[in-house]
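The structure appears right after this line, and notes come after that.
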């Protein structure tokens, strides 16, 4: 039964890719790391380095009449500053990039006397989806799951998954799709399926990393199909996959290759052995 669902999901993803897909969006309410002063989200590596919350520099906190708690250690934020260097002989001006950094503090946990500028966002009340919960529970050696706002990730070194809680999503199906994505990543751990995209250190956006993202999202789509919730999530999955395909020169043959590994991951989470599947 699962094999048929896997094939149907893969076929639908390919058709969506061929017809054009909607832009990818994060399905949870923001909760991202932002500058307290400007309320703009941090980008690039800073978005990965900082937990969710509002951050301000020591100077900004002091000017607002607040204080940094004793013993609080700031987080490093990096940025590029462009310097202009004028060549005296030619008169031409050259722009030179200079990497700079400064320290910021989380106003909620590391400061006193500083009020949040963040507008309140709605908290959604959802009932868990029984079939999806059963699938998660059935993943017998799954890593621990942490629920924290702002980011979803799997950390191989600690063998743990972190996702925003169910109440942060407008639709419960998107919560399960996100969690399935990270759980598929976790199957690549050396003590499970030993997949190179997880076991070998990969740089963000390189080919190995990109292929692992394809596997995780196709696997998540397959698990959504098993739970019967794929109609709500399939377009977002296809859009996400399309983004990684562009990073891999848009080679759609990779879908078929990644689908095979995604199937193994989905089977592993369900406790289906390859001999069981063949029967």
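In full-length UniProt numbering, the protein residues as written are 1 to 279.
Cβ atoms here follow ideal geometry from the backbone N, Cα and C, with glycine treated the same way.
- Of the candidates 135, 7, 114, the residue whose Cα lies closest to the Cα of residue 63 is 114.
- Taking one beta carbon from each stretch, the stretch 123-136 and the stretch 148-155 have fewer than 3 pairs nearer than 8 Å; the two do not touch.
- In the same chain as residue 182, and ignoring 5 residues on each side of it, the C-beta atoms closer than 7 Å to its own belong to 152, 153, 154, 161, 163, in chain order.
- In the assembly as shown, residue 267 is a buried residue. Its beta-carbon has 16 or more other beta-carbons within 10 Å.
- For the pair residue 195 and residue 217, the Cα-to-Cα distance works out to about 15 Å.
- Here residue 265 carries a helix assignment [DSSP, helix/strand/coil].
- Inside the UniProt domain "Polyvalent protein metallopeptidase" (145-260), DSSP marks whole alpha helix (DSSP H) runs of 4 or more residues at positions 172-186, 196-199, 207-227, 230-247, from first to last along the chain.
- At a Cβ-Cβ threshold of 9 Å, residue 176 and residue 107 do not count as neighbours.
- Counting only residues of its own chain and dropping the five nearest sequence neighbours on each side, residue 32 has a CB closer than 8 Å to the CB of 41, 42, 47, 52, 150, 151.
- Bridge partners of residue 101 according to DSSP: 78.
- Our two residues, residue 241 and residue 94, have alpha carbons roughly 39 Å apart in a direct line.
- Annotated as proximal: residue 199 and residue 156, with beta-carbon spacing under 9 Å.
- In the structure shown, residue 67 falls within a strand segment according to DSSP collapsed to helix, strand and coil.
- Look at residue 93 here: in three-state DSSP terms it is strand.
- Exposed is the label assigned to residue 80, since fewer than 16 other Cβ atoms lie within 10 Å of its Cβ.
- Here DSSP, grouped into helix, strand and coil, assigns residue 132 to helix.
- Counting the other Cβ atoms within 10 Å of the Cβ of residue 184 gives 16 or more, which makes it buried.
- Beta bridge pairing from DSSP links residue 52 with no other residue.
- One Cα belongs to residue 61, the other to residue 70, and the distance between them is close to 14 Å.
- As a beta-bridge residue in DSSP terms, residue 35 pairs with 55.
- The residue among 74, 111, 78, 261 with its C-alpha nearest the C-alpha of residue 188 is 261.
- In the DSSP secondary-structure assignment, residue 84 is bridged to 95.
- Non-local C-beta neighbours of residue 103 in its own chain, meaning closer than 8 Å and more than five positions away in sequence, comprise 57, 58, 74, 75, 76, 77, ordered along the chain.
- The beta carbon of residue 87 sits closer than 7 Å to the beta carbons of 94 from its chain, once the five residues preceding and following it are set aside; these are given in chain order.
- Sorting 90, 131, 256, 68 by C-alpha distance to the C-alpha of residue 227 places 131 at the top.
- Sixteen is the threshold: when 16 or more other Cβ atoms of the shown chains lie within 10 Å of the Cβ of residue 143, as they do, the residue is buried.
- Secondary structure of residue 7 (DSSP, three-state): helix.
- Around the CB of residue 82, fewer than 16 other CB atoms lie within 10 Å, so the residue is classed as exposed.
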